[in-house]
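S.K.:
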Amino acid sequence: QPSVSLSPDGKLLARVVTNYVVALCDTSTGQTVHLLAGSKWRFSGMAFSPDGKILAAGGWDSQIYLWDTSTGQLVCPPLRGHRRGVSPLAFSPDGRTLISRSDDLTVRLWNVETGQEMVVVENTTFAILSPNARYFAHSLLPRDLENATEPPGLLITRLPSAAEAEERNRALTQLSKLP
């Protein structure tokens, strides 16, 4: 994924200026509006939310950073879950879900408002959201790529509602407290 991203309205341009810093620039003046930092490693992919209010950037440090484009501040702590570099990133059409792919062969869906991980799909190389963000299609890799006799498969999955994802997270939290 390129180290440059244009906001949906064309007013902001995000570009990696060093391995660790993203410059958010006003396209009408060319002036830097904010310098965004966070990753200790290289940024590898960026995406603006559909309304242009959030910029997401994935790093080689396996984390995802979400900045408010008007203030330049992080909107939440970095999203953690991937085990290798993150790229590409994409927002759902309503901007409430972020989808990320990593070199660890996982695709993860995140609730942008809460920063909570909603879905993890392993052994996959790509995923795409439906226009209504209720379903996503993703590849399924054979377990042994070198000796595979069939091409990767395709699976379509229904996404949990926000309430279902919240209930799942509550249950996982309770289970983690068991001896």
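Numbering (the numbering used here), first residue to last: 2 to 180.
All residues carry an ideal CB built from backbone N, CA and C; glycine is no exception.
Just so you know, these numbers come straight off a predicted model, no measurement behind them.
1. Spatial neighbours of A15 within its chain, please: CB distance less than 6 Å, with the 5 preceding and 5 following residues excluded, ordered by chain position.
2. Please report the straight-line C-alpha distance between Q64 and T30, rounded to a whole angstrom.
3. Rank K12, D104, S103 and L179 by C-alpha distance to the C-alpha of P51 and give the top, closest one.
4. Residues bridged to R102 by DSSP?
5. With the cut-off set at 8 Å, would you say V121 and T107 are in Cβ contact?
6. Tell me the start and end of each unbroken beta strand (DSSP E) in the region 15-63 that is at least 3 residues and wholly inside, in chain order.
7. Could you round the C-beta distance between V17 and F44 to whole angstroms and report it? I think they count as a contact, below 8 Å.
8. Between Y21, D95 and R84, which lies nearest to T36 when the distance is taken from Cα to Cα?
9. Would you mind reading off the limits of the beta strand (DSSP E) that contains E114?
10. Hey, would you say G86 sits closer than 8 Å to W61, going by beta carbons?
11. Would DSSP call L67 helix, strand or coil?
12. Excluding the 5 residues preceding and the 5 following T28 in the sequence, name in chain order all residues of the same chain whose CB lies nearer than 7 Å to its CB.
13. By Cβ distance below 6 Å, which residues in the same chain neighbour V113 in space, the five residues on each side in sequence not counted?
M.R.: The short version:
1. The residue given as residue 15 occupies position 14 in the sequence shown. S6, V23, L25, M47 and L56, listed in sequence order.
2. Walking along the sequence shown from the start, residue 64 turns up at place 63. Walking along the sequence shown from the start, residue 30 turns up at place 29. Each residue's Cα considered, the two are about 31 Å apart.
3. The residue you call residue 51 lines up with position 50 of the sequence shown. The residue with the shortest Cα to Cα distance from P51 is K12.
4. For the purposes of this step, residue 102 is taken as residue 101 along the sequence shown, with counting starting at 1. Paired residue(s): V108.
5. To locate residue 121, count along the sequence shown from 1; it is residue 120. To locate residue 107, count along the sequence shown from 1; it is residue 106. Yes; because the gap between Cβ atoms is below 8 Å, this pair is in contact.
6. 22-27, 33-38, 44-49 and 55-60
7. Walking along the sequence shown from the start, residue 17 turns up at place 16. Walking along the sequence shown from the start, residue 44 turns up at place 43. Taking a contact as a CB-CB distance under 8 Å, the pair V17 and F44 counts as one, their CB atoms being some 5 Å apart.
8. For the purposes of this step, residue 36 is taken as residue 35 along the sequence shown, with counting starting at 1. The question names Thr, but residue 36 is Leu in the sequence shown. When each option's Cα is compared against that of L36, the closest is Y21.
9. Here residue 114 refers to the residue found at position 113 when the sequence shown is read from its first residue. No beta strand (DSSP E) contains E114, which DSSP labels as neither H nor E.
10. What you label residue 86 is simply residue 85 of the sequence shown in a count that begins at 1. What you label residue 61 is simply residue 60 of the sequence shown in a count that begins at 1. In this structure, W61 lies closer than 8 Å to G86 by Cβ.
11. As a position in the sequence shown, residue 67 is number 66, starting the count at 1. Of the three classes helix, strand and coil, the one that applies to L67 here is strand, per DSSP.
12. Counting from 1 along the sequence shown, the entry for residue 28 is found at position 27. Excluding sequence neighbours, T28 sits near G11, K12, L13 and L14.
13. Translated into the one-based positions of the sequence shown, residue 113 becomes position 112. R97 and L99.
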